[in-house]
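Number of protein chains: 2
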Amino acid sequence: MSNAAEAPIGIFDSGIGGMTVFGAIQALLPHERLIYLGDTARLPYGTKSAETVTRYATQTTRALMRYDVKMVVIACNTATALALPVLKAALDPVPVIGVVEPGARAAVEASPDQRIGVLATEATVRGGAYARAIHALRPQAQVSQIACPLFVALAEEGWTQGPVPELAAERYVSTLFQAGRPDTLVLGCTHFPLLAPAIAKAAGPDIRLVDSAQTTALEVKLALGRLGLLRDGAPASPQFLVTDAPERFVRVGGQFLGQSIASSSVELIDLSPAA
Amino acid sequence: MSNAAEAPIGIFDSGIGGMTVFGAIQALLPHERLIYLGDTARLPYGTKSAETVTRYATQTTRALMRYDVKMVVIACNTATALALPVLKAALDPVPVIGVVEPGARAAVEASPDQRIGVLATEATVRGGAYARAIHALRPQAQVSQIACPLFVALAEEGWTQGPVPELAAERYVSTLFQAGRPDTLVLGCTHFPLLAPAIAKAAGPDIRLVDSAQTTALEVKLALGRLGLLRDGAPASPQFLVTDAPERFVRVGGQFLGQSIASSSVELIDLSPAA
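Chains as they are written, first to last, in our numbering: chain A, 562 to 836; chain B, 562 to 836.
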């Protein structure tokens, strides 16, 4: 193991949703040191323009570089969909992995007939990155998509079960299905895995649900292996950085992670240019 | 009429919700020139800390000063609740009117027994500004409050009728009522008037609903009258400034205003320090 392998992996998200990806990486790679940075002062990215998302994501991921990370994971579908090439250029030579390509791969692998529906934010849907990533893997795939902005609010509010999320899921899913019934749905936003039971109920038992958390974690592992950067030291406690409201991060982030987050592990950082 | 009366009124909001206040001012004061500025690049404010909301609101309202406004209306409950004194100091000598005090006044005037419930954002509830404003007017009033963050997403999604908003309203209202049944509910976020029918249904027929749009418009009129700044020229077309995604503002803002917004009246402005 090289000395460089001791460096942490930086995980970036617009706010809290990326904690589903963080959890998958932590489970698959328990020896890695992880630093998670959530841009909670400017969340959500999903309703914003490509230019604004790119500017915010570039500023925020650059802040991660101060921690000498060996890799950056863009654990946000919107930032990946709209800004991945810019972020790769900005962070070069540090390798950057996004969540859209792993999500697309999970979908084509799960889909028997390559009829794939994408549930995502407004910005991700508008950018069309999932359709491009799926077609790059399976040119004949039929891809339909719908923006589900209410899922973000439901996940952050912790309303993941019961009639409100079920009715919201029914409304989105039935609208999507008007364009033809897919056999697989991609949860194309890191908030959406929390609503998977409600989405599955609305979609019906014959439809597969996939998200990018597991496949992104696997891609991180493979890429680190190729680079000789896998760490095998004793497990280290993760570190969380947020640009606003650390106490809210502790509360809502714990819902996403499915385990409590220590307040002492969450640090408020200032990204404003004056800082 | 003085020359100064020709100047526009600046109306500031974190994004789009303030359009309910804009609409009330436009209806009551059709001769005034109105400039609305929505900080759509950083919305919503309601989940952010007091420090961040204050910084964003100060930057954004200062941008309004470039348009030589004769008055600034803070058409955002969160910004008013957390930052009104700072904004008054920052914009001095231009008069600044917020929405919380007018909303509190509407509530105490409507409430027969001074049992008032406040529905608002997380940040507004945490800051306690409504309770303070109500108690300043009626020290004996019983005030209860609850954060309803899902209402913001529902209003922006245009899901203002049907089972999803009704069930969400039922859940929030029944939780609030556990602390005792109010006779009046204040809609303490500019998004919430769009959900008034669902909230009224959940609350029951004996409960009054008030919001701050009408009373704020009235306060603007009275203050301009006192200052000799009421304009009586021919009606002028309003101008809209946003910090991101003008096409989304046209679509969602039109839902809030209840009439369509001309794309040509919406301008994208840059608040970043480099600009």
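Glycine residues also receive a C-beta, built at the ideal position from the N, C-alpha and C atoms.
Model, not experiment: these values are computed from the prediction.
Query                                                                                                                                                                                                 : Result
Residues of chain B with CB under 7 angstroms from A:S610, in chain order?                                                                                                                            : D805 and A806
I need the boundaries of the alpha helix (DSSP H) containing B:L698, first residue and last residue.                                                                                                  : A690 to L698
Only counting runs of 4 or more residues, tell me where the alpha helix (DSSP H) segments fall wholly within the region 704-748 of chain B, in order along the chain.                                 : 710-718 and 724-738
What residue range does the alpha helix (DSSP H) around A:A565 cover?                                                                                                                                 : Run containing A:A565: none; DSSP gives neither H nor E here.
Could you please give the first and the last residue of the uninterrupted alpha helix (DSSP H) stretch that includes A:F817?                                                                          : P807 to L818
Under 8 angstroms, do B:G664 and B:G749 count as touching if we go by C-beta distance?                                                                                                                : yes
So with Cβ pairs under 8 angstroms, would you call B:T751 a contact of chain A?                                                                                                                       : no
In three-state terms, what does DSSP make of A:R769?                                                                                                                                                  : strand
Suppose the cutoff is 6 angstroms on Cβ atoms and the five residues either side in sequence are ignored; what does the same chain contact list for B:M580 look like?                                  : G814, F817 and L818
For chain B, check one thing: does any of its Cβ atoms lie closer than 8 angstroms to the Cβ of A:E718?                                                                                               : yes
Please return the same chain residues whose Cβ sits closer than 8 angstroms to the Cβ of A:P710, not counting the five positions on each side in sequence.                                            : G607, T608, T682 and E683
I'd like to know whether the C-beta atoms of A:A774 and A:A730 end up nearer to each other than 8 angstroms.                                                                                          : no
Could you have a look at B:Y617 and say whether DSSP puts it in helix, strand or coil?                                                                                                                : helix
Just the Cα atoms here: how many angstroms apart are B:L595 and B:E717?                                                                                                                               : 23 angstroms
Just the chain A side, please: which residues come within less than 8 angstroms of B:V725 by C-beta, in chain order?                                                                                  : L711, V725, L728, A729 and R732
If A:L643 sits next to A:F573, beta carbons under 8 angstroms apart, how far is it from one beta carbon to the other, in whole angstroms?                                                             : Rounded, the Cβ-Cβ distance is 14 angstroms, inconsistent with contact.
Which residues in chain B sit within 9 angstroms of A:R560, going by Cβ to Cβ distance?                                                                                                               : With chain A covering 562 to 836 only, the question about residue 560 of chain A has no answer from this structure.
Work out the CA separation of A:A702 and B:G584 for me, nearest whole Å.                                                                                                                              : 47 angstroms
Could you give the residue range of the alpha helix (DSSP H) that holds B:V647?                                                                                                                       : N638 to L652
Examine the Cβ distances between the region 586-600 of chain A and the region 646-663 of chain A and report whether three or more of them are shorter than 8 angstroms.                               : no
Does DSSP put B:L598 in a helix, in a strand, or in coil?                                                                                                                                             : strand
Leaving aside the five residues before and after B:D838 along the sequence, list all residues of the same chain whose C-beta is less than 6 angstroms from its C-beta, in chain order.                : In the structure as shown, chain B starts at 562 and stops at 836, and residue 838 of chain B therefore has no counterpart that could be examined.
Please go through the same chain and pick out, in chain order, the residues whose beta-carbon is closer than 7 angstroms to the beta-carbon of B:V827, but skip the five residues on each side of it. : F801, V803, P807, F810 and V811
What's the gap between the Cα of A:D674 and the Cα of A:S705?                                                                                                                                         : 14 angstroms
Which residues share a DSSP beta bridge with A:G678?                                                                                                                                                  : A:S705 and A:L746
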